[in-house]
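Data block below; observations after.
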Amino acid sequence: MQDDARPRKDPAGKPPDPDHTQTNPLIRKLDSLASLSDADRAVLETISADTRSVPAHTDLIREGDAPNGVYLILEGMACRYKRRSRGARQIMAYLIPGDFCDLDVAMLKEMDHAIGTLSACEVVQIPLDTIQELLRSHPTITHALRLATLVDEATLREWLVNVGRRSADERIAHLLCELLLRLQAVGCASSDAYAFPLTQVDLADTTGLSSVHVNRSLASLRERGLIEISDQHLRILDLQRLQALAEFKPNYLHLVRGAAA
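If you're matching positions, the sequence shown starts at 116 in the working numbering and goes up one per residue.
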């Protein structure tokens, strides 16, 4: 993987803004799950300071590789995926700012899936011993990360329902509602819009549909006045109707602190 390592800092070379922890997506995510102390926030800011720029469509780690540290997404979007021998891909999770890519599987000897970027990303690769020390020394962070893992598992269950029991339009609508709430939680979406780097192929590989069906579903949602997509940005024009179409219930995301405990 070719990338450029550089610490996050003010363009003028000034020290980081003390209010930066309020915008750090990792801190926002974990603080929504457990009440972090100032010391917790400080250590999270430290371990997420040394970012790398990674181009779109780049594998951070491939299936079969031995994990070497843990990747954290700070900007952009990545995914977990598996690919069949003839090239067919199944996306199993979207990774957004604040998400660790491989926190649990880093404990294993071999990756059972790949992690790749869907857009240009800013990532941090954190050594495994740093993660282990973090878990030993900061019980609240450990608790928050455990809750985050439970939310990931709940989201995977919802994706199984999406692929197995929803229509094409409902699958796309549900996914768009989910992304809005997840991105809002880490400060990466407005009340109705967010960056949308996903291609129709990405959506097809996520929902188990063909690209043709994805195209038709997106057109259907636009024609109903539910969404608009322009310049890799998506705006939800009528969230209530979009949620009703998908029968979207956000309880599996556990956005209220402690709800996953």
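Cβ coordinates follow ideal geometry from the N, Cα and C atoms, glycine included. Note that the structure is predicted; figures quoted are calculated from it, not measured.
* If we count the other Cβ atoms within 10 Å of its Cβ and call it buried at 16 or more, is residue 140 buried or exposed? -> buried
* Same chain, Cβ closer than 6 Å to residue 358, five either side skipped, listed in chain order -> 292
* Would you kindly work out how many angstroms separate the C-alpha atoms of residue 265 and residue 317, rounded to a whole number? => Residue 265 and residue 317: Cα-Cα distance of roughly 25 Å.
* Assign residue 179 to one of three DSSP states: helix, strand, or coil. => coil
* Does the beta-carbon distance from residue 290 to residue 232 come in below 9 Å? -> no
* Asked: Taking the DSSP output, what are the residues bridged to residue 216?
  -> According to DSSP, which records beta bridges pairwise, residue 216 is partnered with nothing at all.
* Asked: Between residue 191 and the rest of its own chain, which residues show a CB-CB distance below 6 Å, the 5 nearest in sequence each way excluded?
  -> Leaving aside the five residues that flank residue 191 on each side, the residues in its chain whose CB is nearer than 6 Å to its CB run, in chain order, 234, 235, 236.
* Asked: Under 9 Å between the Cβ atoms of residue 182 and residue 223?
  -> Taking a C-beta distance under 9 Å as the contact criterion, residue 182 and residue 223 qualify as a contact pair.
* **Residue from 201, 212, 203 whose Cα sits closest to the Cα of residue 301** => 212
* Tell me residue 197's beta-bridge partners as DSSP assigns them. => 205
* Asked: Any idea which residues DSSP pairs residue 240 with across the strands?
  -> Under DSSP, residue 240 shares a beta bridge with 186.
* Count the other CB atoms within 10 Å of the CB of residue 329; is the residue buried (16 or more) or exposed (fewer)? -> buried
* Asked: Under 9 Å, do residue 354 and residue 275 count as touching if we go by C-beta distance?
  -> no
* the segment 256-271 contacting the segment 332-351, beta-carbon criterion three pairs below 8 Å -> no
* Asked: In whole angstroms, what is the alpha-carbon distance linking residue 368 and residue 267?
  -> 8 Å
* Spatial neighbours of residue 260 within its chain, please: CB distance less than 8 Å, with the 5 preceding and 5 following residues excluded, ordered by chain position. => The beta carbon of residue 260 lies closer than 8 Å to those of 145, 215, 218, 250 in the same chain, with the five residues before and after it left out.
* Closer than 7 Å by C-beta to residue 117: which residues in its own chain qualify, once you throw out the five before and the five after it? Chain order, please. => Its pLDDT being 40, under 50, residue 117 is placed unreliably by the model, and nothing is read from it.
* **Rounded straight-line distance, which links the Cα of residue 327 to that of residue 160** => 43 Å
* **From 179, 163, 194, 184, residue whose alpha carbon lies closest to that of residue 173** => 194
* Considering only residues of the same chain and omitting the five flanking positions on each side of residue 363, which have a CB-CB separation below 8 Å? -> 288, 289, 292, 293, 357
* To do: Would you mind working out which of 241, 308, 336, 242 sits nearest residue 346, comparing C-alpha positions?
  => 308
* Asked: Counting only runs that start and end within the segment 280-329, where is the alpha helix (DSSP H) found for 4 or more residues in a row?
  -> 283-300, 315-322
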